Amino acid sequence: MSSVKEKRFKKLNRRRIWPSIVAFVLFILLCVGMVALFLQLFALYIMGTKIVRQYGETQQVKAILDGFLSNGNEITEIVDSMHMYTFNASDIYVLDQDGQVVARTGSSEPDFNMVLDFKLDQMLDLDEGFVAVADNSSKIVYKDSKYTIFAVPIDEVIKETFSPGREHEGLGEWLNRTIITQKYWLRTSLASGEYEAYVKCIIDVQRQDIFYVCIFGIITLLLLMIPIILLFINTIRSIVTQRKMTQLIYLDAITGGKNWFYFRNYAERVLTRLRNSRKAFVIVNLHFERYQNYCACYGVKAGEELLEAMDGFLTARVGRNESFARHEGADFGLLLACDGENDQENQKNCRKRISSLLAELTGLKPDQKIHFQAGINMIQPYIPEDGKWYHTRKNVDINQLYTYANAARMAIDYKEEQRIAFFDQEMLDKQVWEHWVEDNMESALNNEEFQVYLQPKYSPINRKLVGAEALVRWISPTEGLIPPGQFIPIFEETGFVTQLDDYMISRVAKLQAEWMIQGKKMIPVSVNISRAHFAQEGLADHICQLVDAYGPRHELIELEVTESAFFDDKDILIDTVKQLKAYGFHVSMDDFGAGYSSLNSLKDIPLDVLKLDGEFFHGDDDDGRGEIVVKEAIQLARNLDMRVVAEGIEKKEQVDFLAGQGCDMIQGFYFAKPMPVAEFEEKVEKDA
Ligand code: C2E
Ligand code: MG
Ligand code: MG
Numbered sequence: 054m055s056s057v058k059e060k061r062f063k064k065l066n067r068r069r070i071w072p073s074i075v076a077f078v079l080f081i082l083l084c085v086g087m088v089a090l091f092l093q094l095f096a097l098y099i100m101g102t103k104i105v106r107q108y109g110e111t112q113q114v115k116a117i118l119d120g121f122l123s124n125g126n127e128i129t130e131i132v133d134s135m136h137m138y139t140f141n142a143s144d145i146y147v148l149d150q151d152g153q154v155v156a157r158t159g160s161s162e163p164d165f166n167m168v169l170d171f172k173l174d175q176m177l178d179l180d181e182g183f184v185a186v187a188d189n190s191s192k193i194v195y196k197d198s199k200y201t202i203f204a205v206p207i208d209e210v211i212k213e214t215f216s217p218g219r220e221h222e223g224l225g226e227w228l229n230r231t232i233i234t235q236k237y238w239l240r241t242s243l244a245s246g247e248y249e250a251y252v253k254c255i256i257d258v259q260r261q262d263i264f265y266v267c268i269f270g271i272i273t274l275l276l277l278m279i280p281i282i283l284l285f286i287n288t289i290r291s292i293v294t295q296r297k298m299t300q301l302i303y304l305d306a307i308t309g310g311k312n313w314f315y316f317r318n319y320a321e322r323v324l325t326r327l328r329n330s331r332k333a334f335v336i337v338n339l340h341f342e343r344y345q346n347y348c349a350c351y352g353v354k355a356g357e358e359l360l361e362a363m364d365g366f367l368t369a370r371v372g373r374n375e376s377f378a379r380h381e382g383a384d385f386g387l388l389l390a391c392d393g394e395n396d397q398e399n400q401k402n403c404r405k406r407i408s409s410l411l412a413e414l415t416g417l418k419p420d421q422k423i424h425f426q427a428g429i430n431m432i433q434p435y436i437p438e439d440g441k442w443y444h445t446r447k448n449v450d451i452n453q454l455y456t457y458a459n460a461a462r463m464a465i466d467y468k469e470e471q472r473i474a475f476f477d478q479e480m481l482d483k484q485v486w487e488h489w490v491e492d493n494m495e496s497a498l499n500n501e502e503f504q505v506y507l508q509p510k511y512s513p514i515n516r517k518l519v520g521a522e523a524l525v526r527w528i529s530p531t532e533g534l535i536p537p538g539q540f541i542p543i544f545e546e547t548g549f550v551t552q553l554d555d556y557m558i559s560r561v562a563k564l565q566a567e568w569m570i571q572g573k574k575m576i577p578v579s580v581n582i583s584r585a586h587f588a589q590e591g592l593a594d595h596i597c598q599l600v601d602a603y604g605p606r607h608e609l610i611e612l613e614v615t616e617s618a619f620f621d622d623k624d625i626l627i628d629t630v631k632q633l634k635a636y637g638f639h640v641s642m643d644d645f646g647a648g649y650s651s652l653n654s655l656k657d658i659p660l661d662v663l664k665l666d667g668e669f670f671h672g673d674d675d676d677g678r679g680e681i682v683v684k685e686a687i688q689l690a691r692n693l694d695m696r697v698v699a700e701g702i703e704k705k706e707q708v709d710f711l712a713g714q715g716c717d718m719i720q721g722f723y724f725a726k727p728m729p730v731a732e733f734e735e736k737v738e739k740d741a
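When you read off a place in the sequence shown, starting at 1, and then add 53, the result is the number in our numbering.
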């Protein structure tokens with residue numbers, strides 16, 4: 054996945070539910086605040102109403118007192134008969150200018166010195182001129198630099214509220230009961246200016262007040278519940294959507310399990326955790342062999358069902374700190390934890406575990422033949438350079454680690470019984486090299502980076518140069534001289550070898566033509582033809598065309614076919630060899646004795662030359678058995694009317710032995726190594 058795509062995915066995934074939850078919580082807080090505010094306002098309203106009534110009554114008392122005084126009545130008389138004029142006769146105190154009590158009703162008295170900080174006259178837009186003072190039955194319940202709060206002692210209230218005999222009261226009475234009483238006095242100057250009157254005010258908070266406040270609160274709450282419920286539903290929905298989205302982002306569309314994106318994130322997290330840095334893990338590439346064939350046989354649906362079953366199977370097999378996901382096609386990536394004490398033990402345990410996994414997987418379809426391979430990349434415990442414990446694995450790149458596991462898996466041959474391979478650097482180097490070769494081979498051919506080297510063949514009798522083999526060398530501007538062993542097998546696999554062979558045939562034909570024009574000594578040159586070439590129809594005609602483009606005599610060109618080619622389609626091979634011979638080319642069997650020799654092919658195919666593989670002459674031959682084989686092989690070739698070339702000859706004794714056995718030509722480092730054309734031409738001048 055590209056980094057841009059990945060970022061987008063991560064961003065999508067990061068759209069978390071927090072905003073919805075935060076919005077919901079904020080809204081709830083707002084609602085609670087609003088309810089509290091409404092309740093306070095409502096309570097204030099109730100209290101305000103009561104206070105206003107008290108003011109009203111005090112104003113009424115003041116008006117009555119002022120009225121009677123202006124009519125010349127005595128203040129004492131007026132106060133005594135006050136209950137006749139007002140409905141709720143309050144306690145009254147009247148003081149003259151000297152502060153002497155001149156008249157009073159009731160038993161309680163104001164605390165003249167304790168002026169209350171009531172600003173209610175301003176708050177409630179009342180006439181000024183009233184000052185509140187505490188009642189002497191009140192006590193200070195709170196006091197700071199700003200406020201002093203008086204209240205009637207709670208035990209008095211309780212006494213009053215819960216006094217005996219009230220158990221059988223009706224609901225109306227029960228609601229009417231006072232539960233809090235606030236007593237204070239309002240002081241006002243009478244109009245005459247001679248007196249100051251104190252009128253006692255009692256503010257009773259009844260149960261019904263609380264009841265009203267509660268009802269109000271409940272109604273407000275109920276009203277607010279509607280948006281709260283809606284918002285709650287919305288929040289839940291967004292949580293569910295988010296969950297679903299997360300599941301989708303991490304869902305593998307085919308297996309229905311976790312996908313690669315999840316696996317990568319998870320595995321990276323596991324490997325970079327501090328507590329895991331001292332533990333060994335493995336990244337495994339689990340490969341379903343020939344999945345395409347399986348789908349072709351049983352259908353794509355059955356294939357996908359099998360992948361789904363694999364997902365279920367693996368889910369049951371992975372534990373803590375482990376995970377897996379399908380990578381692509383029928384390949385799964387696994388992160389498994391190792392529990393061994395050391396590297397060897399880890400590797401052993403891991404091999405055992407994965408072997409049994411593969412065996413169990415094969416059993417998923419007992420009636421069908423399915424096989425799996427596993428490439429394993431060991432991730433060793435992380436030991437920091439300075440040995441400090443707090444370092445963790447850094448820059449863990451799961452894709453890279455998986456690529457290595459994949460490289461290990463790719464190195465397993467399908468034919469191998471062993472289906473598990475551990476990654477090592479050599480494997481990777483090999484794959485990197487193969488990739489490089491495949492990337493560069495076409496351009497190398499166009500840029501003529503492939504060059505013909507010639508290795509002379511000598512007669513063991515007169516030691517004269519009598520022939521040569523054309524061997525390719527890749528002279529790369531970046532890699533230098535690359536020997537054929539490093540690229541021919543890759544070319545053979547990709548099929549590119551046929552193009553190279555054509556190129557070599559053309560080059561050799563051109564060279565022969567040039568030698569002819571230049572009047573040089575003509576030396577027959579053999580060219581290697583890959584077995585892949587023999588699968589082509591009309592190969593003989595094709596080679597004929599290539600050679601004829603330059604015009605040298607056909608018998609100067611010999612075509613070497615490796616022995617292994619004789620195991621392919623024998624009929625085509627026989628036809629091609631016969632045609633080539635009919636065109637006048639010579640044909641040789643290269644590397645005879647290197648692989649599984651098919652003596653039978655010698656019977657059927659009319660070859661001109663038998664090239665004994667260099668392996669006959671390498672290694673110890675103390676008991677002389679090798680010599681016997683060579684001797685018999687030469688004899689066999691001679692009986693079949695074939696010439697014999699011995700390859701890889703490095704020692705004089707070998708030359709002498711071969712000369713004695715009637716070997717026709719010798720090719721080997723003893724005489725000369727493969728060399729560039731110019732050098733070869735000089736050699737011809739001297740040795741031919
Ligand atoms: P080959 O055709 O059997 O070529 C002989 C190989 O043996 C050459 O290796 C040569 O350098 C090596 N050799 C010769 N004498 C000695 C000796 O005394 N000691 C040792 N140790 N080696 C000796 P080279 O050039 O590396 O080629 C390897 C193989 O690559 C060839 O084996 C041939 O199969 C293939 N090849 C080379 N050029 C071509 C080509 O143009 N086309 C195709 N299809 N294959 C080629
Ligand atoms: Mg050869
Ligand atoms: Mg050979």
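We put the CB at the ideal spot given by N, CA and C, even for glycine.
Quantities reported herein were computed from a predicted structural model and do not represent experimental measurements.
Beta-carbon proximity check, residue 309 vs residue 361, cutoff 8 Å: As a position in the sequence shown, residue 309 is number 256, starting the count at 1. As a position in the sequence shown, residue 361 is number 308, starting the count at 1. Result yes, Cβ atoms of residue 309 and residue 361 sit closer than 8 Å.
Heavy atoms of ligand 2 versus C-beta positions, residues under 5 Å: 581, 613 and 643
Runs of beta strand (DSSP E) wholly within the segment 213–284 (minimum 3 residues, chain order): 231–242 and 248–259
Residue 720 to residue 509 span [Cα, whole Å]: Here residue 720 refers to the residue found at position 667 of the sequence shown. Here residue 509 refers to the residue found at position 456 of the sequence shown. Cα to Cα, the separation comes out at about 6 Å.
Test item: CB-CB of residue 111 and residue 183 under 8 Å: Working through the sequence shown from its first residue, we reach residue 111 at position 58. Working through the sequence shown from its first residue, we reach residue 183 at position 130. Contact flag set, yes.
Any non-hydrogen atom of ligand 1 closer than 7 Å to residue 456 Cβ: Counted from its first residue, the sequence shown places residue 456 at position 403. It does not: the Cβ of residue 456 is nowhere closer than 7 Å to a heavy atom of ligand 1.
Residue 756 CB to nearest heavy atom of ligand 3 below 7 Å: No statement about residue 756 is possible, as the shown extent of the chain runs from 54 to 741 and does not include it.
Beta-carbon proximity check, residue 390 vs residue 407, cutoff 8 Å: Stepping through the sequence shown from its first residue, residue 390 is reached at position 337. Stepping through the sequence shown from its first residue, residue 407 is reached at position 354. Against a cut-off of 8 Å, the Cβ pair of residue 407 and residue 390 comes out as no contact.
Residue from 605, 77, 713 and 579 whose Cα sits closest to the Cα of residue 572: As a first step, residue 572 is located in the sequence shown; it is residue number 519 there, counting from the start. The residue from 605, 77, 713 and 579 with its alpha-carbon nearest to that of residue 572 is 605.
Reduced DSSP secondary structure (H/G/I, E/B, other) of residue 504: Taking the first residue of the sequence shown as position 1, residue 504 is located at position 451. Reduced to three states, the DSSP call for residue 504 is strand.
Cβ separation of residue 583 and residue 551, assumed to be a contact under 8 Å, to the nearest whole Å: Taking the first residue of the sequence shown as position 1, residue 583 is located at position 530. Taking the first residue of the sequence shown as position 1, residue 551 is located at position 498. Contact holds; Cβ gap of about 7 Å.
Under the three-state DSSP convention, the category residue 293 falls into: Reading the sequence shown from its first residue, position 240 is the one you call residue 293. In the structure shown, residue 293 sits in a helix (DSSP, three-state: H, G or I).
Simplified DSSP assignment, three categories, for residue 445: In the sequence shown, residue 445 corresponds to position 392, counting from 1. DSSP places residue 445 in coil when its eight states are reduced to three.
Residue 105 - containing alpha helix (DSSP H), residue span: Locating residue 105 in the sequence shown gives position 52, counting from the first residue. Residues 71–123.
Contacting residues, own chain, Cβ-Cβ under 7 Å from residue 693 (five flanking each side not counted): To locate residue 693, count along the sequence shown from 1; it is residue 640. Cβ within range, chain order: 655.
Status (buried if at least 16 other CB within 10 Å, exposed otherwise) for residue 326: Against the sequence shown, residue 326 aligns to sequence position 273. Counting Cβ neighbours within 10 Å, residue 326 comes out exposed, since fewer than 16 surround it.
Sheet register partners of residue 385 (DSSP bridge): As a first step, residue 385 is located in the sequence shown; it is residue number 332 there, counting from the start. Answer by DSSP bridge pairing, in chain order: 339 and 379.
Residue 358 Cβ short of 7 Å to ligand 3 heavy atom set: Here the question's residue 358 lines up with position 305 in the sequence shown. Result no, Cβ not under 7 Å from ligand 3.
Whole-number beta carbon distance between residue 425 and residue 472, since they are thought to touch under 8 Å: Here residue 472 is taken as the residue at index 419 of the sequence shown, counted from 1. Here residue 425 is taken as the residue at index 372 of the sequence shown, counted from 1. The Cβ separation is near 7 Å, so the contact holds.
Status (buried if at least 16 other CB within 10 Å, exposed otherwise) for residue 438: As a first step, residue 438 is located in the sequence shown; it is residue number 385 there, counting from the start. Classification of residue 438: exposed, given that the 10 Å Cβ count is below 16.
beta-carbon residue 700 near ligand 3 non-hydrogen atom, thresh 7 Å: If you number the sequence shown from 1, residue 700 lands on position 647. Residue 700: yes, Cβ under 7 Å from ligand 3.
Runs of alpha helix (DSSP H) wholly within the segment 126–165 (minimum 4 residues, chain order): Listed in chain order, the complete alpha helix (DSSP H) runs (minimum 4 residues) inside the segment 126–165 are 128–133.
Integer-rounded CB distance, given that residue 160 should sit under 8 Å from residue 252: Position 199 of the sequence shown holds residue 252. Position 107 of the sequence shown holds residue 160. Residue 252 to residue 160, Cβ: 15 Å. No contact.
Residue environment, residue 442, which counts as buried when at least 16 other CB atoms sit within 10 Å: Here residue 442 corresponds to residue number 389 of the sequence shown, with the count starting at 1. Counting Cβ neighbours within 10 Å, residue 442 comes out exposed, since fewer than 16 surround it.
Heavy atom of ligand 1 within 7 Å of residue 722 beta-carbon: Numbered from 1 along the sequence shown, position 669 holds the residue referred to as residue 722. Yes; taking the cut-off as 7 Å, the Cβ of residue 722 has a heavy atom of ligand 1 nearer than that.
For residue 664, the first and last residue of its enclosing beta strand (DSSP E): Mapped onto the sequence shown, residue 664 falls at position 611. 662–665 is the span of the beta strand (DSSP E), which, as asked, contains residue 664.
Touch test, the segment 340–354 against the segment 280–297, Cβ-Cβ under 8 Å, three pairs minimum: no
Candidates 478, 666 and 87, of which the one nearest residue 271 by Cα: In the sequence shown, counting from the first residue as 1, residue 271 sits at position 218. Taking only the C-alpha atoms, the option nearest residue 271 is 87.
For residue 531, the nearest candidate out of 512, 497, 643 and 546 (CA to CA): Taking the first residue of the sequence shown as position 1, residue 531 is located at position 478. Put simply, of 512, 497, 643 and 546 the residue whose alpha carbon is nearest the alpha carbon of residue 531 is 497.
Residue 654 beta carbon near ligand 1 (any heavy atom closer than 7 Å): The residue given as residue 654 occupies position 601 in the sequence shown. Incorrect: residue 654 has no Cβ contact closer than 7 Å to ligand 1.
Element boundaries [alpha helix (DSSP H), containing residue 359]: In the sequence shown, the residue the question calls residue 359 occupies position 306. Element bounds for residue 359: 353–370.
Cβ neighbour criterion (16 or more within 10 Å) applied to residue 673: Position 620 of the sequence shown, counted from the start, is the residue given in the question as residue 673. Counting Cβ neighbours within 10 Å, residue 673 comes out exposed, since fewer than 16 surround it.
Integer Cβ distance of residue 718 from residue 520, believed to fall under 8 Å: Your numbering for residue 718 matches position 665 in the sequence shown. Your numbering for residue 520 matches position 467 in the sequence shown. Confirmed, Cβ separation roughly 6 Å.
Short Cβ contact (8 Å threshold) for residue 698 with residue 662: Translated into positions along the sequence shown, residue 698 becomes position 645. Translated into positions along the sequence shown, residue 662 becomes position 609. Yes, they are a contact pair.
Classification of residue 716 by the beta-carbon crowding that lies within 10 angstroms, buried from 16 upward: Start at 1 with the first residue of the sequence shown, and residue 716 comes out as number 663. By the Cβ neighbour-count rule, residue 716 is buried, with 16 or more other Cβ atoms within 10 Å of its own.
Contact test: residue 686 Cβ vs ligand 1 heavy atom, cutoff 7 Å: Taking the sequence shown and counting its residues from 1, the one referred to as residue 686 is at position 633. Outside the cutoff, so no.
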